[in-house]
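Accompanying notes for the structure given below.
In mature numbering (1 follows the signal peptide of the UniProt record, and there is no 0), the protein residues as written are -28 to -1, 1 to 248.
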């Protein structure tokens, strides 16, 4: 379904509210590239969360602030982009700095680690995070490619650090805009990743291209035998710039997607579906 909205900020909060109504207060503006993008830089001030077994969990409803009364849980963040939870500990990515931050229940922020290979340009940078057991997965732009890596999370809450970086998928298309970049573990324990069309609209309709797709892979980055396209990571296609992904209690999958300035979409995602 496609839903127009009156403001970009309102759309972002609504999309995140499927899984968690949290707004992070930031002190930075957009990347300042001067180019026209989907969100006019407003995502520098907020970070959305995806649900699933390894990413942020939905609240119980009555205890979660509504979009009209957000609860500020951290301040002083620069271009916060994604949220994931390790137990009760919130982890946040900063798109432009490449930092991964730990946020305590009291709002204290400390650096867990930094991805030195992350390159920031336009909307590109450090994007999605997801946690599976004691491993943290991260999606980021690295020069001429997007890459998914994972780390062991070491230590206890309040003193977390990252183990050695392990690449599970590289060579993904990248561009200054429309990178997608969200990660989430589904109820099937598979890792899902969103890839924007990277400015090449035709690629979203090309089954052989990974841009403009939602990908599904094992935690090790391999192709699951039951993926809808043979020998392919592609789970769904025809996407422009898919962002938040989550599942309801019945296992139905949803994805929010940016339009050009308006007409953002909230889609029910089905295996092999074409959304463009």
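Glycine included, every Cβ here is placed at the ideal spot set by N, Cα and C.
*Do you know how far the Cα of residue 100 is from the Cα of residue 52?*
10 Å
*asked:* Is residue 131 close to chain D? Criterion is C-beta to C-beta, closer than 7 Å.
replied: No chain D is present in this structure, which holds just one protein chain.
*Identify the residues that DSSP records as bridge partners of residue 113: which are they?*
118
*Identify whether residue 13 lies in helix, strand or coil by the three-state DSSP scheme.*
For residue 13, the predicted model reports a pLDDT of 44, less than 50, meaning its position is unreliable; a value from the coordinates is still stated below. It is coil, neither helix nor strand.
*Can you give the Cα-Cα distance for residue 216 and residue 194, rounded to whole angstroms?*
22 Å
*What residues are listed by DSSP as bridge partners for residue 156?*
164
*asked:* Taking its Cβ as the centre, do 16 or more other Cβ atoms sit within 10 Å of residue 213, making it buried, or is it exposed?
replied: buried
*Contacting residues, own chain, Cβ-Cβ under 6 Å from residue 244 (five flanking each side not counted)*: 200
*Given that a residue counts as buried once 16 or more other Cβ atoms are within 10 Å of its Cβ, and exposed if not, what is residue 126?*
exposed
*Which residue spans inside the region 44 to 72 form an unbroken alpha helix (DSSP H) run of at least 4?*
none
*On the three-pair Cβ rule with 8 Å, is the region 128 to 135 touching the region 144 to 153?*
no
*Can you check DSSP and say which residues form a bridge with residue 139?*
121
*asked:* My output table needs one value for residue 93: the three-state DSSP class, helix, strand or coil.
replied: strand
*Would you mind reading off the limits of the beta strand (DSSP E) that contains residue 217?*
214 to 219
*asked:* Please classify residue 170 as buried or exposed, where buried requires at least 16 neighbouring CB atoms within 10 angstroms.
replied: buried
_Start-to-end residues for the beta strand (DSSP E) that takes in residue 208_ = 206 to 209
*Can you tell me whether DSSP reads residue 228 as helix, strand or coil?*
strand
*Return helix, strand or coil for residue 102, following the three-state DSSP convention.*
strand
*asked:* Can you tell me which residues form a DSSP beta bridge with residue 85?
replied: 72
*DSSP state of residue 175, grouped into three classes?*
helix
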